[in-house]
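Numbering (my numbering), first residue to last: 2 to 389.
These notes are about the structure you will find just below.
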Ligand code: SF4
Ligand code: SF4
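Dropping the structure here:
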């Protein structure tokens, strides 16, 4: 009997050897023996059971990691040869353009329409991310579908051993053949039910994005949603939660906008921490911004902005780690992970440290009613109820 690694799985060398299921976004830690066996199974000729236990093979067959018949479809390549950094770079937010077809009242981009990454630069970024053993790529903007060479960028995506997620406002998807998008998931900005969403994004935009989400799901794409808490949508969260669960939305990310960009001119939409914080308890699924044991947010995340700056996340675009011309790895190595023990949260011995990990470090850094270099994220403190 010969065994074949299913097309959807790629082997990764992260902090430990690992297997990544692109379709389900599942990461399995492996020992060296299992890694070596699966590596052999990933070759077109597959491999025999030599070197693997019966129980392990049965588990892999039941999880559809292995098949005992060779697939006629093209095999995804293993991740490009290379190595992970420590901590590993797993998630990359790639802002391919800052052009947009909306003028959202909370948008953090100060002057949109100035910058765009070329397909040549994007090609190099994708290859380096792959060789650094990356897991998830978020293609973002502005509105990424407005990139002047979006078709060429879409053509670069197949074959890379990571999950590709397109983050869009959904308005252009109606005109686009969704099945031709070479992405595994589409993430939509939905900032409320019709009233709340349109208050931020313009009249009629809610109906258009909901139409686009349904079309994406009908076309077989996983769909996820990202929502900002603001003054006009606080009465709509329970309804959104029901709707998104009914629609089989995969991940629902809920966040509070920072007072930057357009929100400065629309500050009445902004809510104080005691009102906005508790809404951070909504949402489900996983995101890219999490911490790790002993570390605060963004432990495995890097952002590339449309002007070529590379930073911890888009909020840190004004204090970049470097530029794409230097390569991702160099920039990544300059990023010093934030240890939880350095935070005010540790001094206060917060019992929610393991779950909260100090919340959003950018939001904490700009809070004006806290003091100290490693402040708490008081929105999260209100979410956990440690400040009432
Ligand atoms: S600072 Fe905030 S936005 Fe940036 S990675 Fe951390 S949680 Fe995400
Ligand atoms: S709830 Fe507040 S004090 Fe506790 S870890 Fe989160 S930000 Fe820090």
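By construction, the Cβ of each residue, glycine as well, lies at the ideal position given by its N, Cα and C atoms.
* Where the alpha helix (DSSP H) through residue 354 begins and ends -> Locating residue 354 in the chain shown gives position 353, where the first residue counts as 1. Its alpha helix (DSSP H) spans residues 354 to 357.
* Using only the heavy atoms of ligand 1, determine whether one of them is closer than 7 Å to the beta carbon of residue 361. => Start at 1 with the first residue of the chain shown, and residue 361 comes out as number 360. A heavy atom of ligand 1 is found nearer than 7 Å to the CB of residue 361.
* To do: For residue 305, write down the residues that DSSP places opposite it in a beta bridge.
  => On the chain shown, residue 305 is found 304 positions in, with the first residue counted as 1. Bridge partners of residue 305: 95 and 311.
* Between residue 58 and the rest of its own chain, which residues show a CB-CB distance below 8 Å, the 5 nearest in sequence each way excluded? -> In the chain shown, residue 58 corresponds to position 57, counting from 1. The beta carbon of residue 58 sits closer than 8 Å to the beta carbons of 4, 50 and 67 from its chain, once the five residues preceding and following it are set aside; these are given in chain order.
* When you compare each of 19, 47 and 16 to residue 7 by their alpha carbons, which one comes out closest? -> Counting from one through the chain shown, the residue named residue 7 turns up at place 6. That would be 47, whose Cα lies nearest to the Cα of residue 7.
* Asked: Is residue 298 near ligand 1, going by C-beta to nearest heavy atom under 7 Å?
  -> Residue 298 sits at position 297 when you count from the first residue of the chain shown. Result yes, Cβ under 7 Å from ligand 1.
* Taking C-alpha atoms, which residue in 105, 43 and 98 lies nearest to residue 266? -> Position 265 of the chain shown, counted from the start, is the residue given in the question as residue 266. Of the listed residues, the one whose Cα sits closest to residue 266 is 105.
* To the nearest angstrom, how far is it from the Cα of residue 284 to the Cα of residue 278? -> Locating residue 284 in the chain shown gives position 283, counting from the first residue. Locating residue 278 in the chain shown gives position 277, counting from the first residue. Near 13 Å, if we compare the C-alpha coordinates of residue 278 and residue 284.
* Asked: What is the DSSP secondary structure of residue 50, counted as helix, strand or coil?
  -> Residue mapping note: residue 50 aligns to position 49 of the chain shown, counting from 1. It is coil, neither helix nor strand.
* residue 393 classed as buried or exposed, judged by whether at least 16 other C-beta atoms fall within 10 angstroms -> The requested residue 393 is not part of the displayed model; the chain covers only 2 to 389.
* Counterpart residues of residue 141 in DSSP-defined beta bridges -> Walking along the chain shown from the start, residue 141 turns up at place 140. Among the bridge pairs identified by DSSP, residue 141 is matched with 96.
* Asked: When DSSP labels each residue in this structure, what does residue 265 get in the three-state scheme?
  -> In the chain shown, the residue the question calls residue 265 occupies position 264. Helix, per DSSP.
* **Contiguous beta strand (DSSP E) assignments of at least 3 residues, all confined to the segment 125 to 189** => Runs found: 137 to 141 and 164 to 169.
* Just how far apart, CA to CA, sit residue 231 and residue 240? -> Translated into positions along the chain shown, residue 231 becomes position 230. Translated into positions along the chain shown, residue 240 becomes position 239. When rounded, the distance between both Cα atoms is 15 Å.
* Using DSSP with H/G/I as helix, E/B as strand and the rest coil, what is residue 362? -> Within the chain shown, the letter at position 361 stands for residue 362. Residue state, collapsed to three classes: helix.
* To do: Determine the contact status of residue 101 and residue 144, defining contact as a CB-CB distance below 8 Å.
  => Within the chain shown, numbered from 1, the residue matching residue 101 stands at position 100. Within the chain shown, numbered from 1, the residue matching residue 144 stands at position 143. For residue 101 and residue 144, yes; Cβs fall inside 8 Å.
* Asked: Any chance the CB of residue 344 is under 7 Å from a heavy atom of ligand 2?
  -> Sequence index remark: in the chain shown, residue 344 carries index 343 (1-based). At least one heavy atom of ligand 2 sits closer than 7 Å to the Cβ of residue 344.
* Asked: Per DSSP, residue 333 is paired with what?
  -> Mapped onto the chain shown, residue 333 falls at position 332. Partner(s): none; residue 333 has no beta bridge.
* To do: Tell me residue 225's beta-bridge partners as DSSP assigns them.
  => Here residue 225 is taken as the residue at index 224 of the chain shown, counted from 1. Note: residue 225 sits in a beta bridge opposite 188.
* Cβ-heavy atom distance between residue 377 and ligand 2 below 7 Å? -> In the chain shown, residue 377 corresponds to position 376, counting from 1. Correct: residue 377 has its Cβ closer than 7 Å to ligand 2.
* Please name the residue, chosen from 333, 322, 327 and 377, that lies closest to residue 348 on a Cα-to-Cα basis. => Taking the chain shown and counting its residues from 1, one reaches residue 348 at position 347. Residue 377 is the option with its Cα nearest to residue 348.
* Contact set for residue 361: own chain, Cβ-Cβ below 7 Å, skip 5 residues either direction -> Position 360 of the chain shown holds residue 361. For residue 361, where only same-chain residues beyond five positions count, the Cβ hits under 7 Å are 298 and 378.
* So what's residue 60 in DSSP terms, helix, strand or just coil? -> Along the chain shown, read from residue 1 onward, the residue named residue 60 stands at position 59. Correct three-state label for residue 60: helix.
* Determine the DSSP secondary structure at residue 295, reduced to helix, strand or coil. => The sequence position of residue 295 within the chain shown is 294, counting from 1. Under the three-state reduction of DSSP, residue 295 is assigned to coil, being neither helix nor strand.
* Asked: Taking just the CA atoms, how far does residue 367 sit from residue 341?
  -> The count along the chain shown starts at 1 and reaches residue 341 at position 340. The count along the chain shown starts at 1 and reaches residue 367 at position 366. So the two alpha carbons sit approximately 18 Å from each other.
* residue 34 - DSSP class collapsed to helix/strand/coil -> The residue labelled residue 34 in the question sits at position 33 within the chain shown. For residue 34, the three-state secondary structure derived from DSSP is helix.
* To do: Report yes if the C-beta distance between residue 305 and residue 322 is below 8 Å; otherwise report no.
  => Here residue 305 refers to the residue found at position 304 when the chain shown is read from its first residue. Here residue 322 refers to the residue found at position 321 when the chain shown is read from its first residue. No. Outside cutoff.
* To do: Assign residue 117 to one of three DSSP states: helix, strand, or coil.
  => For the purposes of this step, residue 117 is identified with residue 116 of the chain shown, where counting begins at 1. Residue state, collapsed to three classes: strand.
* Asked: Just curious, the beta strand (DSSP E) that residue 19 is in, first and last residue?
  -> Taking the first residue of the chain shown as position 1, residue 19 is located at position 18. Where residue 19 is concerned, the enclosing beta strand (DSSP E) starts and stops at 18 to 22.
* Is the number of C-beta pairs between the segment 12 to 31 and the segment 146 to 161 that are closer than 8 Å three or more? -> The segment 12 to 31 is not in contact with the segment 146 to 161.
* To do: Return yes when at least one heavy atom of ligand 1 lies under 7 Å from the C-beta of residue 316, else no.
  => The residue labelled residue 316 in the question sits at position 315 within the chain shown. Within the cutoff, so yes.
* Asked: Taking just the CA atoms, how far does residue 13 sit from residue 34?
  -> For the purposes of this step, residue 34 is identified with residue 33 of the chain shown, where counting begins at 1. For the purposes of this step, residue 13 is identified with residue 12 of the chain shown, where counting begins at 1. Those two C-alpha atoms are separated by around 14 Å.
* To do: Confirm, please, whether the CB-CB distance from residue 93 to residue 1 is below 8 Å.
  => With the chain running from 2 to 389 in the structure shown, residue 1 is simply not present.
* Residue-chain proximity (residue 341, chain C), Cβ-Cβ < 8 Å -> Given the protein chain composition of this structure (a single chain), no chain C is represented.
* Asked: Considering only residues of the same chain and omitting the five flanking positions on each side of residue 194, which have a CB-CB separation below 8 Å?
  -> Numbered from its first residue, the chain shown carries residue 194 at position 193. Listed in chain order, the non-local C-beta contacts of residue 194 below 8 Å within the same chain comprise 207, 234, 237, 240, 241 and 244, local neighbours out to five positions each way being set aside.
* Identify whether residue 29 lies in helix, strand or coil by the three-state DSSP scheme. => As a first step, residue 29 is located in the chain shown; it is residue number 28 there, counting from the start. In the three-state reduction of the DSSP assignment, residue 29 falls in the strand class, which pools E and B.
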